[in-house]
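Colleague:
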Amino acid sequence: QSALTQPPSVSGSPGQSVTISCTGTSSDVGRYNRVSWYQQPPGTAPKLMIFEVSNRPSGVPDRFSGSKSGNTASLTISGLQAEDEADYFCGSYTSSNTLIFGGGTKLTVL
Amino acid sequence: QVQLQESGPGLVMPSQTLSLTCTVSGDSINNDLYYWSWIRQPAEKGLEWIGRRYSSGSTNNNPSVNSRVTVSVDTSKNQFSLKLTSVTAADTAIYYCARGIGRGHDYFDYWGQGILVTVSS
Numbered sequence: 030q031s032a033l034t035q036p037p038s039v040s041g042s043p044g045q046s047v048t049i050s051c052t053g054t055s056s057d058v059g060r061y062n063r064v065s066w067y068q069q070p071p072g073t074a075p076k077l078m079i080f081e082v083s084n085r086p087s088g089v090p091d092r093f094s095g096s097k098s099g100n101t102a103s104l105t106i107s108g109l110q111a112e113d114e115a116d117y118f119c120g121s122y123t124s125s126n127t128l129i130f131g132g133g134t135k136l137t138v139l
Numbered sequence: 002q003v004q005l006q007e008s009g010p011g012l013v014m015p016s017q018t019l020s021l022t023c024t025v026s027g028d029s030i031n032n033d034l035y036y037w038s039w040i041r042q043p044a045e046k047g048l049e050w051i052g053r054r055y056s057s058g059s060t061n062n063n064p065s066v067n068s069r070v071t072v073s074v075d076t077s078k079n080q081f082s083l084k085l086t087s088v089t090a091a092d093t094a095i096y097y098c099a100r101g102i103g104r105g106h107d108y109f110d111y112w113g114q115g116i117l118v119t120v121s122s
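Here the protein sequences come in this chain order: A and B. Counted from 1, the first sequence has number 91 at position 62 by my numbering; the numbering is strictly sequential. Counted from 1, the second sequence has number 32 at position 31 by my numbering; the numbering is strictly sequential.
(1) Go ahead and pull the three-state DSSP assignment for E49 of chain B.
(2) Compare the C-beta of P37 of chain A with all C-beta atoms of chain B and state if any pair is closer than 8 angstroms.
(3) What would DSSP say about R69 of chain B, mapped onto helix, strand or coil?
(4) Using 8 angstroms for Cβ pairs, my map puts L33 of chain A next to S87 of chain A. What's the rounded Cβ distance?
(5) Can you tell me whether DSSP reads E7 of chain B as helix, strand or coil?
(6) To be precise: take each residue of the stretch 65 to 81 of chain B, compare its Cβ to all Cβ atoms of chain A, and keep it if any distance is under 9 angstroms. Which residues remain?
(7) Using the C-alpha atoms, what's the distance from T93 of chain B back to V70 of chain B?
(8) Can you check which of these residues, A:V82, A:T48, A:N62, is closest to I106 of chain A by C-alpha distance?
(9) Would you please state the rounded distance, in angstroms, between the beta carbons of Y108 of chain B and S65 of chain A? I believe it to be under 8 angstroms.
(10) Please compile the residues from chain B whose C-beta is within a distance smaller than 9 angstroms of the C-beta of E114 of chain A.
Shown next, in the form of structure tokens:
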């Protein structure tokens, strides 16, 4: 199974919004609403930020939002803050009853 | 608060078996709402899902490592384990254990801190 496709890097200034895309296929992202997003600051474990396309766990700021259109899911971070600088990974369930992740996107806050 | 902690050797010889254990605290592992997974991350690379197991026994793995992987659950110790046979340098990575939400949800809500495993002679 091939990894989901994410841009290697995105950047934005404090206060701005950025969107990270996650492109899969009709066998994973396009077929199921089981897309999740994880934040990984350097040297730490991933942290769940969004589950089931657009749901935020308790404690995650509402600046983080998720959506999906066709085979592409997106994570939008509004009102960028310095603490948002991290790697972001998407994940999805697949029709093969497996899980798959994206290659990761490095967010730089300028 | 649920916590997961990986343990095991940090160095494994090529062709040998990598064995890791994840100890779960703060909740019982014997709950089929969840499954127990291993995920790895080679240096400077993305995440790769390895496999999962429900406490009831249902299990499935990433096809890329399926022939070499066993994920097991020990409910008496509240632990689950990973065995990866015939390792090569390509298996060098940080290995994370994680709790997955099952029953058609499929996301990971709690992760261990990760353990670096190097395959080298």
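Every residue, glycine too, gets a C-beta built ideally from N, C-alpha and C.
Modeller: By the coordinates alone:
(1) strand
(2) With 8 angstroms as the cut-off, P37 of chain A does not count as an interface residue toward chain B.
(3) Three-state result, R69 of chain B: helix.
(4) Their Cβ separation, rounded to whole angstroms, is 26 angstroms, which puts L33 of chain A and S87 of chain A out of contact at 8 angstroms.
(5) strand
(6) From the stretch 65 to 81 of chain B, only S65 have a Cβ closer than 9 angstroms to chain A.
(7) 15 angstroms
(8) Of the candidates A:V82, A:T48, A:N62, the one whose C-alpha sits nearest the C-alpha of I106 of chain A is A:T48.
(9) The C-beta separation of Y108 of chain B from S65 of chain A comes to about 4 angstroms, placing the pair in contact by the 8 angstroms criterion.
(10) Going along chain B, no residue has its Cβ under 9 angstroms from E114 of chain A, so there is no contact; the nearest lies around 17 angstroms.
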